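Chains as they are written, first to last, in this note's numbering: chain A, 1 to 212; chain B, 213 to 424.
Beneath this line is the structure, given in structure tokens, with notes to follow.
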DNA sequence: GCCGCGATGTATCGGACCGATACATCGCAC
DNA sequence: GTGCGATGTATCGGTCCGATACATCGCGGC
């Protein structure tokens, strides 16, 4: 998952570790709290070893003017390579059970603007399926096995069930939008407060390419 | 987290691994999918080594009648020890940042009927604080940095924000209930379908003890 | 003028947990 | 009688987290 996210972000701009973490947190803030450096740096090494990213040695502007103040340990800026872009395309298109889990789905969704419509639809439907199953499990629990559980556990289940029902509805709307080729703007009841009148919806159909 | 959950479950009844996993899945179904055996068995060993649980060697009823069919590798039933109960009490009462994360909170909440009211309140308020901070982060993102993100990422954030707002409201109700000493039954709009008219609410105030 | 302090920045280590896999038994349907 | 799904125990490699360490930068306060 981290691998996919890093490759995706570096496709937007070269970055160093710290920056990458901030962007990651911004993009995936709704999914997970914050990526740990204990995951980030080892993964960066792995990706570099695989040849998917490369160090871009922070061009020191005028290298001879500021040669070595105190043997500056410069920030290590990473760039995605051609192989890295291929790898990203491969990862983003392949779907499996882990694509439909909470984290996996979130990461894939966050890069939907770089995903073709067929894959988007496949992922949304797979996720819906997964949540529907979770929902059914909770319904069963609240129905049949209710007397075996204490009031707090039941309340937890009930809250979880409600969250499932809500997410299924959300996914339904996204799927409908996706099928009709519109941008991912869901009509809402007006609670959650994002103004976002006309925020450059991606051309309804194909993967958006970056301008180089 | 697993440690706490196992100790908590074994306090209700002795169990073997497989059963433990099923009960774990039932109790925490709203939180996490299913505990992996790759976590469960090593943890059981660890707990046994620490003296918090003990093997109860599945009484073979009439041991001499069915001596050794094919050198039966019996199920290993675990029981919680007195030290284990102490450990559980200690773990359930101590709160820290990890108590307020998604998984940590879920596990603690699932054992609220074995938690005293003061701790329950502390956990609920800590969780609310955590979610409020996450909510503010998302609000900021949707406000200030909106134009930097694509429509899909924004939609993800918006959905996450709504979930936060919803959970805060849920927590408010639970906190109010807790303060008024009532059972955790929240009045709802009627959507999520749990019938649960009068399901033995725990005596409003103290930790419920098991009947031995 | 300089001092502390929070933000920026890179890095490692032990541990928790997962997913895949292996293997053996039991009960039942076909 | 045999195959197959549920029950049951167990390990291995890999991902990710949380704590920790350490160095620099810029800025406000004294």
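All C-beta atoms in this analysis are idealised placements derived from N, C-alpha and C, irrespective of residue type, glycine included.
Computed from a predicted model, the values in this text were never measured in an experiment.
Listed by chain order, chain B residues near residue i by CB distance under 9 Å
i, result
"residue 113/A", "362, 363, 364, 365"
Residue i versus residue j - alpha carbon distance
i, j, result
"residue 104/A", "residue 332/B", "32 Å"
"residue 293/B", "residue 51/A", "53 Å"
"residue 29/A", "residue 350/B", "7 Å"
"residue 254/B", "residue 357/B", "45 Å"
"residue 167/A", "residue 131/A", "8 Å"
"residue 376/B", "residue 129/A", "23 Å"
"residue 6/A", "residue 56/A", "15 Å"
"residue 280/B", "residue 287/B", "Any reading at residue 280/B needs caution, since the residue's pLDDT is 40, under 50, leaving its predicted position unreliable; the model's value is listed next. Cα to Cα, the separation comes out at about 14 Å."
"residue 113/A", "residue 22/A", "20 Å"
"residue 302/B", "residue 221/B", "15 Å"
"residue 372/B", "residue 40/A", "24 Å"
"residue 169/A", "residue 127/A", "12 Å"
"residue 99/A", "residue 24/A", "18 Å"
For residue i, three-class secondary structure by DSSP
i, result
"residue 76/A", "coil"
"residue 224/B", "coil"
"residue 265/B", "strand"
"residue 33/A", "coil"
"residue 120/A", "helix"
"residue 88/A", "helix"
"residue 323/B", "coil"
"residue 156/A", "helix"
"residue 38/A", "helix"
"residue 394/B", "coil"
"residue 357/B", "coil"
"residue 313/B", "coil"
"residue 352/B", "helix"
"residue 259/B", "helix"
"residue 17/A", "helix"
"residue 81/A", "coil"
"residue 24/A", "helix"
"residue 96/A", "coil"
Residue-chain proximity (residue i, chain A), Cβ-Cβ < 8 Å
i, result
"residue 320/B", "no"
"residue 213/B", "no"
"residue 357/B", "yes"
Contacts of residue i in chain B (Cβ-Cβ under 7 Å)
i, result
"residue 157/A", "241, 242"
"residue 184/A", "363, 364, 367"
Residue-chain proximity (residue i, chain B), Cβ-Cβ < 8 Å
i, result
"residue 160/A", "yes"
"residue 163/A", "yes"
Within chain B, the residues that residue i reaches when beta carbons sit closer than 8 Å
i, result
"residue 141/A", "238, 241"
**Request:** Mind checking the stretch 231 to 244 of chain B against chain A and listing, in chain order, the residues whose C-beta falls within less than 8 Å of any C-beta there?
**Result:** Within the stretch 231 to 244 of chain B, the qualifying residues are 238, 239, 241, 242, 243.
**Item:** Contact set between the stretch 125 to 139 of chain A and chain B, restricted to residues whose Cβ is under 8 Å from the partner
**Value:** Those would be 134, 137, 138, 139, in chain order.
**Asked** Quick one, which residues of the stretch 244 to 263 of chain B are near chain A if we go by CB-CB under 8 Å, in chain order?
**Response** Taking 8 Å as the upper bound on Cβ-Cβ separation, chain A lies near residues 245 of the stretch 244 to 263 of chain B.
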